[in-house]
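Q:
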Amino acid sequence: MNLPFELKRQTEDYQQADAAHHIHAFVDQKALNAEGPRVMVRGKGLYLWDSEGKRYLDGMSGLWCTQLGYGRKDLTAAAAAQMDQLSYYNMFFHTTHPAVIELSELLFSLLPGHYSHVIYTNSGSEANEVLIRTVRRYWQVVGKPQKKIMIGRWNGYHGSTLAASALGGMKFMHEMGGMIPDVAHIDEPYWYAQGGELTPTEFGRRCALQLEEKILELGVENVAGFIAEPFQGAGGMIFPPESYWPEIQRICRQYDVLLCADEVIGGFGRTGEWFAHEYFGFEPDTLSIAKGLTSGYIPMGGLVLSKRIADALVEQGGVFAHGLTYSGHPVAAAVALANLKALRDEGIVRTVKEDTGPYLQQILREVFAHHPMIGEIQGTGLLAALQFAEDKSTRKRFDNENDLAWQCRTFGFEEGVIIRSTLGRMIMAPALVATRGELDELVEKTRIAVDRTARIAGKL
Ligand code: PXG
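Per my numbering, residue 678 is the first one in the sequence shown, and the count goes up by one each step.
1) Relative to the C-alpha of E1115, which residue among Y691, V704, G736, A694 is closest?
2) Quick check on M850: does DSSP put it in helix, strand or coil?
3) At a Cβ threshold of 9 angstroms, is R1124 touching chain C?
4) Is F908 buried or exposed, if buried means 16 or more other CB atoms sit within 10 Å of its CB?
5) Nearest to P822 by CA position, among V812, G829, K707, P1007, is which residue?
6) Pick out the complete alpha helix (DSSP H) segments inside the region 750–774, 4 residues or longer, and give them in chain order.
7) How long is the line joining the alpha carbons of R927 and I966, rounded to whole angstroms?
8) If you drop the 5 nearest sequence neighbours on each side, which residues of the same chain put their C-beta closer than 7 angstroms to that of K825?
9) Of all the options E950, T1130, G748, which has the alpha carbon lying nearest to the alpha carbon of M1050?
10) Which runs of the beta strand (DSSP E) at least 3 residues long sit entirely within the region 825–899? Give them in chain order.
11) Should Y747 go down as buried or exposed, given a rule of 16 or more other Cβ atoms within 10 Å for buried?
12) Sorted by chain position, which residues of the same chain lie with C-beta nearer than 6 angstroms to V1029's C-beta, five sequence neighbours on each side aside?
13) If you measure between the beta carbons of F1088 and L1063, is that distance less than 9 angstroms?
14) Classify M853: buried if its beta carbon has 16 or more other beta carbons within 10 angstroms, exposed otherwise.
15) Output the distance between the C-alpha atoms of T773 and Y765, rounded to the nearest integer angstrom.
16) Could you say which of E874, W831, N710, L684 lies nearest to S1070 if we only look at CA atoms?
17) For L935, collect the residues of the same chain with a Cβ closer than 8 angstroms to its Cβ; drop the 5 residues on either side in sequence, then sort them by chain order.
18) Tell me, which residues are paired with F1065 by DSSP?
19) Return the chain-ordered ranges of every alpha helix (DSSP H) run that is complete within the region 714–738 and spans a minimum of 4 residues.
20) What does the alpha-carbon distance come out to for the pair D695 and L740?
21) Are L788 and W951 closer than 9 angstroms when you measure CB to CB?
22) Use the C-beta contact count for S800: other C-beta atoms within 10 angstroms, 16 or more gives buried, fewer gives exposed.
23) Just how far apart, CA to CA, sit N710 and T878?
24) Let's test the definition: count the other Cβ atoms within 10 Å of the Cβ of H954 and tell me whether it reaches 16, buried, or not, exposed.
25) For the putative contact between Q692 and V1008, defined by C-beta atoms under 8 angstroms, what is the C-beta separation to the nearest angstrom?
26) Is I778 buried or exposed, if buried means 16 or more other CB atoms sit within 10 Å of its CB?
27) May I ask you to check if the CB of W741 is nearer than 8 angstroms to at least one heavy atom of the ligand PXG?
28) In terms of alpha-carbon separation, which member of I863, N832, E1121, T743 lies closest to E1043?
29) Counting along the chain, where does the alpha helix (DSSP H) carrying R1086 start and finish?
30) If you reduce the DSSP assignment to three classes, tell me which class A1134 lands in.
31) Please determine if the region 779–798 and the region 996–1012 are in contact, where contact requires at least 3 C-beta pairs separated by less than 8 angstroms.
32) Indicate the three-state DSSP secondary structure (helix, strand or coil) for T1057 in the structure shown.
33) Taking contact to mean 3 or more Cβ pairs, one atom from each stretch, closer than 8 angstroms, check whether the region 836–853 and the region 1033–1040 are in contact.
34) Which of the three DSSP states, helix, strand or coil, is assigned to T1028?
35) In whole angstroms, what is the alpha-carbon distance linking Y834 and H862?
36) Could you spell out where the beta strand (DSSP E) holding G978 opens and where it closes?
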């Protein structure tokens, strides 16, 4: 291996150098500097190793992205071969290249037939940035230029750049750096926390009807699109009640508002379907994609457009004033192509749907359905959330649920499993290549972490 960096430094040495120069994501940097980050040095399959030689079962696929797991030689080979062949070229000078052409062909062979075009980006945030511009452009082209407002959801997550974080509904992100105009939000369909006395079905419909109320409040003639994750990922892996998506779709169609699904987490097999909107049974006009597109081996995202939108832009739109230096980067495209081929040809998405997904859901329910700490288990495919509850009968949550979840995550690291904590929920989303044995280990180590947390909370 010809790595361009030193792999054998002492952990403290790495940590000091990191603290000297590096601002991390979503963390109090001063506190992290005092603690020192874990230094991850190697990954293979579902496992990671840190600089101390400790092994972890990665129950989160990195950040919901390593569908194929770590260390796949075919992806390495695809990147190396493409770097040798054509390490870079752009899409600006009336040019293209074979990798991006074949990637697009394969992508649309996996998507439902009413999608036809994609705009490539380097990330999910960028996909949602270009979404806003594309949706507004579409309405300009079809003669309704006043349709500009995007409606998102509180606690939704669509990325960290300015416009993407504005579409998202994380208020603490809006507070850092501000908002953009012409964005509005409605509530999230989080029945466990906010459903009150309503049944999930009633609550799902009630949340969806907020969209109608918001459209009418803002003026139908002003609303361009509604963006949402099919299930909320970063906001806590929250599944909407079944009544939600059909009603949202009806409203979008009735008021001619584009339905924009953020598939950055849900896409590429996570639910056992290729895309999460297929699992939930609705038909968005646009899809934001990233993460699993390349299994996280290299940055790449995109915005997928329905034929209706693409036709208007291509046939009537003239110059589309958008482009990134790295749109459709050949190396990223080659890796994405190899990744999608593997997901398809090795039957990985099918295995998630028919075997490993149902298996994970079953063992989670066997272990946690009657656990004193867990009020609800949500999930499908290789995706699950465990909701902490102080009183299961009334759905009362712990006042310190965030702290407890964070503690549980820390116990997980100690036990050698990585699970994600958020808002009193523990989340897992392992690589799609997980075997039954690895899922057993994931659930067993998670159980130990949850039991340790339950002891702190006085529940065991
Ligand atoms: N949309 C969704 C639905 C996402 O989950 C993005 C867009 C932005 O993608 P980029 O590639 O710009 O990061 C995301 C990202 C977490 C976590 O801890 C989730 C994300 C990113 C970082 C952490 O759950 N999702």
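Virtual Cβ for every residue (Gly too), placed ideally from N, Cα, C.
A: Checking against the coordinates, here is how it stands:
1) G736
2) Helix at M850.
3) Among the chains in the structure shown there is no chain C, since it carries only a single protein chain.
4) buried
5) Nearest neighbour of P822 by Cα position, chosen from V812, G829, K707, P1007, turns out to be V812.
6) If only uninterrupted alpha helix (DSSP H) runs of at least 4 residues are considered, those enclosed by the region 750–774 are 750–762.
7) 24 angstroms
8) R813, D859, N899, A901
9) T1130
10) Listed in chain order, the beta strand (DSSP E) elements of length 3 or more contained wholly in the region 825–899 are 826–830, 860–863.
11) buried
12) G946, G949, G1058, L1059, L1109
13) no
14) exposed
15) 11 angstroms
16) E874
17) V812, Y815, A901, G902, F903, C929, D962, T963, I986
18) Here F1065 is bridged, per DSSP, to I1051.
19) none
20) 21 angstroms
21) Taking 9 angstroms as the cut-off, the beta carbon of L788 is found closer than this to the beta carbon of W951.
22) buried
23) Cα to Cα, the separation comes out at about 46 angstroms.
24) buried
25) Their Cβ separation, rounded to whole angstroms, is 31 angstroms, which puts Q692 and V1008 out of contact at 8 angstroms.
26) exposed
27) At least one heavy atom of the ligand PXG falls within 8 angstroms of the beta-carbon of W741.
28) That would be E1121, whose Cα lies nearest to the Cα of E1043.
29) 1078–1092
30) coil
31) yes
32) coil
33) no
34) Three-state DSSP puts T1028 in a helix.
35) 12 angstroms
36) The continuous beta strand (DSSP E) containing G978 extends over residues 978–983.
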